[in-house]
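First the structure, in the form of structure tokens, and then the observations on it.
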Amino acid sequence: MKTEVAIAILYQEDKFLMQLRDNNPNIVYPAHWALFGGHIEAGETPEVAVQREILEEIGYTLPSTFSKFGCYPDEKVFRHVFCAPLTVELNQLVLNEGWEMSLMTPEDIRVGASYSSVSTDVRPLAPVPQKILLDFMETNGSSN
1 MKTEVAIAIL YQEDKFLMQL RDNNPNIVYP AHWALFGGHI EAGETPEVAV
51 QREILEEIGY TLPSTFSKFG CYPDEKVFRH VFCAPLTVEL NQLVLNEGWE
101 MSLMTPEDIR VGASYSSVST DVRPLAPVPQ KILLDFMETN GSSN
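Once you know that position 9 of the sequence shown is 9 in full-length UniProt numbering, the rest is easy, because the numbers rise by one and skip nothing.
Take a look at the structure:
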């Protein structure tokens, strides 16, 4: 049975909020930039899960206008992807999970890497989140 997760594309102007995952070899994509979100718990809908995960991970309540962008299944994981505007400043968020968070430009997404002030080097984007964001930018124009 595939793991089901709910993740969110959070955008502000023409940038995307990304999480630098912990540098822990026991997680998927350690020390890579990825989208916020996580596992769907038993009895939870993807919509409820993404709201819970975003609140837990960064203390942000998704606006009621959040919507489903699509689904990205692979051999191990079924990803429910949602999108919503980020309506607060980065300094109003509280990072409760991950190594760092940052707003990335479409160019960062296309290049597939971005500098981390925490690790003090350039870190790669995880391949699936990069593909999701490239699809989102294509669908919505490169500047949302």
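Glycine included, every Cβ here is placed at the ideal spot set by N, Cα and C.
This one's a predicted model, so the numbers in the text were calculated from it and none came from an experiment.
Check	Outcome
For Gly98 and Asp22, the rounded distance between their alpha carbons	5 Å
Identified DSSP bridge partners for Phe78	Glu4 and Pro73
Proximity below 7 Å, CB of Val5 to CB of Arg79	yes
Sequence-distant residues of its chain with Cβ nearer than 8 Å to Tyr60 (five each side left out)	Leu10, Ile54, Leu86, Val88 and Leu93
Integer-rounded CB distance, given that Met104 should sit under 8 Å from Ser114	5 Å
Reduced DSSP category for Asn144 - H, G, I as helix; E, B as strand; rest coil	Below a pLDDT of 50, predicted positions are generally treated as unreliable, and Asn144, at 42, falls in that range; no measurement from the model is reported.
Span separating the alpha-carbon of Ala42 from that of His32	27 Å
Where Asp108 sits in the DSSP three-state scheme	helix
Assigned exposure category for residue 154 - 16 Cβ within 10 Å defines buried	Nothing can be reported for residue 154: it is not among the residues displayed for the chain, which extend from 1 to 144.
Gln92: first and last residue of the uninterrupted beta strand (DSSP E) it sits in	From DSSP, Gln92 is part of no beta strand (DSSP E); its letter is neither H nor E.
Reduced DSSP secondary structure (H/G/I, E/B, other) of Arg52	helix
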